[in-house]
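Novice: Okay, here's the structure, questions in a sec.
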Amino acid sequence: MQQTLNTTLLIIGGGPGGYVTAIRAGQLGISTILVEGESLGGTCLNIGCIPSKALIHVAEQFHQTQHHSQHSALGISVSTPTLDIGKSVEWKDGIVDRLTTGVSALLKKHKVQVIQGWAKVVDGKTVEVGDTRIQCEHLVLATGSKSVNLPMLPIGGPIISSTEALAPTSVPKRLIVVGGGYIGLELGIAYRKLGAEVSVVEAQDRILPAYDAELTHPVHEALKQLGVKLYLKNSVEGFDSQGNTLQVRDPNGDTLNLETDQVLVAVGRKPNTQGWNLEALNLEMNGSAIKIDNRCQTSMRNVYAIGDLSGEPMLAHRAMAQGEMVAELISGKHREFNPTAIAAVCFTDPELVVVGKTPDDAKAAGLDCIVSSFPFAANGRAMTLESKSGFVRVVARRDNHLIVGWQAVGVGVSELSTAFGQSLEMGARLEDIAGTIHAHPTLGEAVQEAALRALGHALHL
49 MQQTLNTTLL IIGGGPGGYV TAIRAGQLGI STILVEGESL GGTCLNIGCI
99 PSKALIHVAE QFHQTQHHSQ HSALGISVST PTLDIGKSVE WKDGIVDRLT
149 TGVSALLKKH KVQVIQGWAK VVDGKTVEVG DTRIQCEHLV LATGSKSVNL
199 PMLPIGGPII SSTEALAPTS VPKRLIVVGG GYIGLELGIA YRKLGAEVSV
249 VEAQDRILPA YDAELTHPVH EALKQLGVKL YLKNSVEGFD SQGNTLQVRD
299 PNGDTLNLET DQVLVAVGRK PNTQGWNLEA LNLEMNGSAI KIDNRCQTSM
349 RNVYAIGDLS GEPMLAHRAM AQGEMVAELI SGKHREFNPT AIAAVCFTDP
399 ELVVVGKTPD DAKAAGLDCI VSSFPFAANG RAMTLESKSG FVRVVARRDN
449 HLIVGWQAVG VGVSELSTAF GQSLEMGARL EDIAGTIHAH PTLGEAVQEA
499 ALRALGHALH L
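For the working numbering, count along the sequence shown from 1 and bump the result up by 48.
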């Protein structure tokens, strides 16, 4: 027996984009239904950002303890540590559970009706979930993205995706990561620190090909130190399950047989457009993503697409910002999505942050820029954290000193993304940052010093 529900706003997908849209809409008094097929929080909270950072933390703690059991400059000595990965995963699951329960409570608090199930689009105002039919005035599509699979490496058995890598029952003796982007390297480094022998196969000529070579150099050095083997300019041909070997074609065209216990496929993500009858809307596309304007509107009136479904950059914080805006647009406010910059953070060891234009971007845009870096080797706080590698880099226009970009690589630099984002969003010039007193001793002093150096008078270099 089919029942019909009516609502002003219907959201498909309860990830960071969808649930934030729903919370904001609820705050604005818009009658809202959210449909989610799996768990609230989407990829980010359940099988992405949050669990990966938890596993990275476990790996780092274990690695540090092992370091202290061998040769610690800090005078700490411990006996050789052991790892109960089951307990680690339990701890990670506890965090995920607390966060998803929190999302659920917030939705309830703001009177959002959550329907558990898989949505099937009928038209721009009608969606079916099982035998429930929902009629709406506004439809927000927030179905996210999924891992890209390689036809020659179907997921199953020893071949895993990031989802399985984040819920290990044991640590493999050997792991080969296919893909040297941020997901592959974040997890590859974590598994190496947990004790696996790790190799990374990347088709391009360097790791993290989306970032410039100067920025990724400290990560490259750290991988060497950790003993992660890199196979650059290598392409995967297939997997022999009999001999547990991955076939790889090297730059000379020869085939290598790499023995391994597991293969992690991490070659990227793509918009999740399949399986919910999106075709019925016949929307304009932008490659594999849905085409949107600066208000996240699709080619159909009152139908919006946000987050990974609308293409790059596929970042949870972009999805959240878009969702909040869409809820306000539906409530009648005037908004558009035009951030000056969206920070991209890579949680490798050391971490990477890119906000705004890199030196190469500035050149490509025809801007005459000053580029200036300040090394953490000259920063007192970095020394006390035993982390002297990396730097902060600023990119500013030569004519008026307007800052157009920040980049950093080093331990803990993910937290500097806030300062970088704010300075760009507020239109800061080099003089603004150089003239702001930064607390000592902090890593953030390197931000001020980079600006000072760009003006020709760094104090500590």
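For glycine and all other residues, C-beta sits at the position ideal for the given N, C-alpha and C.
Please report the residue range of the beta strand (DSSP E) in which Phe-422 lies.
Specialist: Its beta strand (DSSP E) spans residues 417 to 423.
Novice: Touching or not, the stretch 222 to 239 and the stretch 312 to 324, by the rule of three or more beta carbon pairs under 8 Å?
Specialist: Yes, since at least three Cβ pairs between the stretch 222 to 239 and the stretch 312 to 324 fall closer than 8 Å, the two stretches touch.
Novice: How is Glu-434 classed by DSSP in three states: helix, strand or coil?
Specialist: Correct three-state label for Glu-434: coil.
Novice: Could you give the C-beta distance for Ala-506 and Glu-493, rounded to a whole number, given that I count them as a contact under 8 Å?
Specialist: Actually they do not touch by this definition, with Cβ atoms about 11 Å apart.
Novice: Out of curiosity, what's the CA-to-CA distance linking Leu-214 and Leu-131?
Specialist: The alpha-carbon atoms of Leu-214 and Leu-131 are separated by roughly 16 Å.
Novice: Suppose you measure from the CA of Glu-479 to the CA of Ser-420; what does that come to, to the nearest Å?
Specialist: Rounded to whole angstroms, Glu-479 to Ser-420 spans 14 Å at the Cα level.
Novice: Enumerated in chain order, which unbroken segments of the beta strand (DSSP E) with a length of 3 residues or greater are wholly contained in the stretch 161 to 221?
Specialist: The stretch 161 to 221 contains these whole beta strand (DSSP E) runs: 161 to 164, 167 to 171, 174 to 177, 180 to 189, 193 to 195.
Novice: Run through the stretch 64 to 104 for me and flag every whole alpha helix (DSSP H) of 4 or more residues, listed as ranges in chain order.
Specialist: Taking only runs of at least 4 residues, the alpha helix (DSSP H) segments lying wholly in the stretch 64 to 104 are 64 to 75, 90 to 95.
Novice: With a 10 Å radius around its C-beta and 16 neighbouring C-beta atoms as the bar for buried, classify Gln-455 as buried or exposed.
Specialist: That one is buried.
Novice: Going by DSSP, which residues form a beta bridge with Cys-344?
Specialist: The partner list for Cys-344 (beta bridge, DSSP) is empty, contrary to what the question assumes.
Novice: From Ala-369 to Arg-343, what distance separates their C-alpha atoms?
Specialist: Roughly 11 Å between the two C-alpha positions.
Novice: Please state if the CB of Val-83 and the CB of Val-175 are separated by a distance shorter than 8 Å.
Specialist: Yes, the Cβ-Cβ distance between Val-175 and Val-83 is below 8 Å.
Novice: Measuring CB to CB, does Ala-167 end up less than 8 Å from Trp-324?
Specialist: Result yes, Cβ atoms of Ala-167 and Trp-324 sit closer than 8 Å.
Novice: Quick one: give me the first and last residue of the beta strand (DSSP E) that Gly-323 is part of.
Specialist: Careful: Gly-323 lies outside any beta strand (DSSP E) and carries neither H nor E.
Novice: Which residues does DSSP pair with Lys-277 in a beta bridge?
Specialist: DSSP lists Ser-247 as partners of Lys-277.
Novice: Where DSSP assigns a beta bridge to Tyr-352, which residues make up the other side?
Specialist: Paired residue(s): Val-188, Gln-345.
Novice: Only counting runs of 4 or more residues, tell me where the alpha helix (DSSP H) segments fall wholly within the stretch 363 to 424, in order along the chain.
Specialist: Counting whole runs of 4 or more residues, the stretch 363 to 424 contains the alpha helix (DSSP H) stretches 364 to 378, 407 to 412.
Novice: Out of curiosity, what's the CA-to-CA distance linking Val-249 and His-265?
Specialist: One C-alpha to the other measures close to 17 Å.
Novice: Taking the C-alpha atoms as reference points, what is the distance between Val-284 and Ser-209?
Specialist: The alpha-carbon atoms of Val-284 and Ser-209 are separated by roughly 15 Å.
Novice: For Ser-127, count neighbouring Cβ atoms within 10 angstroms of its own Cβ and tell me buried if that reaches 16, exposed if not.
Specialist: Label assigned to Ser-127: exposed.
Novice: List the DSSP bridge partners of Met-333.
Specialist: The partner list for Met-333 (beta bridge, DSSP) reads Ile-338.
Novice: Give the C-beta separation of Val-162 and Glu-372 to the nearest angstrom, bearing in mind that I take them to be a contact with Cβ-Cβ under 8 Å.
Specialist: Val-162 to Glu-372, Cβ: 18 Å. No contact.
Novice: Using the rule of at least 16 other Cβ atoms within 10 Å of the residue's Cβ for burial, across every protein chain shown, is Asp-356 buried or exposed?
Specialist: Asp-356 is buried by the Cβ-count criterion.
Novice: Between the alpha carbons of Asn-292 and Lys-241, how many angstroms are there, rounded?
Specialist: The alpha-carbon atoms of Asn-292 and Lys-241 are separated by roughly 23 Å.
Novice: Roughly how many angstroms separate the alpha carbons of Glu-262 and Gly-236, rounded to a whole number?
Specialist: Looking at the two C-alpha atoms, the distance is approximately 21 Å.
Novice: How is Pro-319 classed by DSSP in three states: helix, strand or coil?
Specialist: In this structure, Pro-319 counts as strand in the three-state DSSP scheme.
Novice: Taking its Cβ as the centre, do 16 or more other Cβ atoms sit within 10 Å of Ala-153, making it buried, or is it exposed?
Specialist: It counts as exposed.
Novice: Could you have a look at Gln-51 and say whether DSSP puts it in helix, strand or coil?
Specialist: Three-state DSSP puts Gln-51 in a strand.
Novice: Just to confirm the assignment, what range does the alpha helix (DSSP H) spanning Val-442 have?
Specialist: That residue, Val-442, is in no alpha helix (DSSP H); its beta strand (DSSP E) goes 439 to 445.
Novice: According to DSSP, is Val-267 part of a helix, a strand, or is it coil?
Specialist: Note: Val-267 maps to helix in three-state DSSP.
Novice: Using CA coordinates, which residue listed in Ser-379, Asn-320, Ser-289 is at the minimum distance from Glu-307?
Specialist: It is Ser-289 whose Cα lies nearest to the Cα of Glu-307.
Novice: What does the Cβ neighbour count give for Leu-189, buried or exposed, with the cut at 16 atoms within 10 Å?
Specialist: Leu-189 should be labelled buried.
Novice: Mapping the DSSP letters down to three states, classify Leu-464 as helix, strand or coil.
Specialist: If DSSP states are grouped into helix, strand and coil, Leu-464 belongs with the helices.
Novice: Since Ser-120 sits in a beta bridge, which residues does DSSP pair it with?
Specialist: None, per the DSSP bridge assignment.
Novice: For Asn-54, is the classification buried or exposed, using 16 other Cβ atoms within 10 angstroms of its Cβ as the cut-off for buried?
Specialist: Its Cβ having fewer than 16 others within 10 Å, Asn-54 is exposed.
Novice: Let me know if Thr-91 comes out buried or exposed under the rule of 16 or more other beta-carbons within 10 Å of its beta-carbon.
Specialist: Buried, since its Cβ has 16 or more Cβ neighbours within 10 Å.
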